[in-house]
Structure formats: C-alpha cells, structure tokens
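K.L.:
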Amino acid sequence: MGAKGQQTRENILACAESIILQRGYSGTSIEDIIGEAGITKGGFFYHFDGKRDLAKKLMLRYLEQDKVFFDALLERASDLTEDPLQQLLIFLKLMAEAMADLPGTHPGCLVASFTYESQQFDDELRDLNRQGVLAWRHLFMEQLEKIVEKQSPGIDKPLEELADMLTTVIEGGIVMSKVLDDQHILPNQLLQYRNYIRLVFGDA
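Its first residue numbered 9, the sequence shown is counted upward by one per residue in our numbering.
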C-alpha cells in the first residue's frame, strides 16, 4: 500500500474512532464513517472487510498509540533521574500535564467504549481488549517493581492493585471529565494518584 493509501486508511480510522467515542460502536454505521472521511463505500471496503474488521484495527491502533505515549513519557522520566520512585512521579506529572494541555476534555477511551458494548463483539475482540488492559497493568507494575527493589512501601498493598489503581484513575478521570465537561478533572486525579504514591513510599 502506497503513502496515499496509508493516509486514507489512517483517515478512516481517525474518523471512525472519533464518531465511536461520541456515539458508541452500535450507534455508528459504515455510512457515518465514510461520510465523515469523505470516501466512497468502495473505498472503505478496499481497506477493511467490514465493521468488525474496522473495530479490530481500531483497537490495535489505539493500544499501539497508548504504548507509544506511555513509553515516551517513561523515557523522558528516565532521562531526568535514575531513581525509580522519582521516575514514576515525573511520569505521572508529565501525563497530568499532557492531559491538561488538551484543547478540551479527553475524547474518551476506546477500550472503555468497547467494554461498555462488549456484547457487540466476538471473543477475539473481547480478548484483545482484555490484553490491552493487562498490558497497562504490566507496564505500571514494572515501574512499581523497580521502586520496591530499592525501598519498601509504607503499607501492605499488592503492587498489582497499585498498578490497576492508575488505570482506574485514568479511566474514571476521563468519564468524570466528560460528564461534568471539566478538562481539569483528569489531570487533577492523576496528580492525586501521584500524591498517594508519594505517601505509600514515604516521599511526602
């Protein structure tokens, strides 16, 4: 596929994600997507076998973009300090700043959106969604494990729960920001989680 074809495919995916985050998967038709993307139905089916294939490609794209985003923040944090705790605290601060710099509220999470409508999908897509959440757990767990290698937490709390708490804060912050139309909620919740991590590891 040439550069123009890649650009068209990416445009379809971007338009589809935007509409689905607004209307939900079941409330989004192929006609909605091709209308927003400015292509023909034949153009859509040249790139995707159908709506299910589009959903799978959307999820893979979303998870890859999240990985790139998180990896970039973690790399920046590791460039600034060698201390694992400070790296995590910087990572959280950078994430909060990134969320605060959005032009409006966070558009939403495709993983959460697909979870709400899980009955619309087959086992393959539901498992892909699950693997995405587990990837976040693994990524956050890695950072926490590095900290514990140097210092013990002040409370007896499984690291897995601390890692999942960050995912919960992000997803819950997105929902609250959208419901209340307040773009400050998500970054503020990330900073509260950051404060909690400082307390847990005695950095307050």
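By construction, the Cβ of each residue, glycine as well, lies at the ideal position given by its N, Cα and C atoms.
On a predicted model such as this, the values are computed, not experimentally measured, just so you know.
Using a threshold of 7 Å, is the CB atom of PRO161 nearer than that to any non-hydrogen atom of the ligand ATP?
P.N.:
Of ligands this structure carries none, so the ligand ATP is not represented either.
K.L.:
With a Cβ-Cβ cutoff of 8 Å, do LEU96 and ILE163 count as a contact?
P.N.:
No; because the gap between Cβ atoms is not below 8 Å, this pair is not in contact.
K.L.:
Roughly how many angstroms separate the alpha carbons of ASP57 and LEU93, rounded to a whole number?
P.N.:
C-alpha separation (whole angstroms): 46 Å.
K.L.:
At which residue ranges does the region 57 to 106 contain complete alpha helix (DSSP H) runs of 4 or more residues, listed in the order of the chain?
P.N.:
For the region 57 to 106, whole alpha helix (DSSP H) runs of length 4 or above, ordered along the chain, are 59 to 88.
K.L.:
Using a C-beta cutoff of 8 Å, does ARG145 count as contacting chain D?
P.N.:
The displayed structure is made up of one protein chain only, and chain D is not part of it.
K.L.:
Along the chain, where does the alpha helix (DSSP H) containing CYS23 start, and where does it finish?
P.N.:
Element bounds for CYS23: 11 to 31.
K.L.:
So, with DSSP's three-state summary, where would you put ASP164?
P.N.:
It is coil, neither helix nor strand.
K.L.:
Apart from the five residues just before and just after GLU125, which ones in its own chain have a Cβ nearer than 8 Å to its Cβ?
P.N.:
Excluding positions up to five away in sequence, the list reads GLY32, TYR33 and SER34.
K.L.:
How would you label PRO195, buried or exposed, when you count the other beta carbons within 10 angstroms and need 16 or more for buried?
P.N.:
That one is buried.
K.L.:
Taking buried to mean at least 16 other C-beta atoms within 10 Å of its own C-beta, is HIS192 buried or exposed?
P.N.:
Exposed, because fewer than 16 other Cβ atoms sit within 10 Å of the Cβ of HIS192.
K.L.:
Among residues of its own chain, excluding the 5 on either side of ASN19, which ones have a beta-carbon nearer than 7 Å to its beta-carbon?
P.N.:
Excluding positions up to five away in sequence, the list reads ALA45.
K.L.:
If you run the structure through DSSP and keep just helix, strand and coil, what is GLU157?
P.N.:
In this structure, GLU157 counts as coil in the three-state DSSP scheme.
K.L.:
Quick check: ALA63 and PHE148, are their CB atoms within less than 8 Å of each other?
P.N.:
Not in contact: ALA63 and PHE148 (Cβ atoms no closer than 8 Å).
K.L.:
Report the option in PHE52, VAL183, LEU82 and ALA80 whose CA atom is closest to the CA atom of ALA120.
P.N.:
The shortest Cα separation from ALA120 among PHE52, VAL183, LEU82 and ALA80 belongs to VAL183.
K.L.:
According to DSSP, is LEU199 part of a helix, a strand, or is it coil?
P.N.:
Helix, per DSSP.
K.L.:
Could you have a look at THR175 and say whether DSSP puts it in helix, strand or coil?
P.N.:
Helix, per DSSP.
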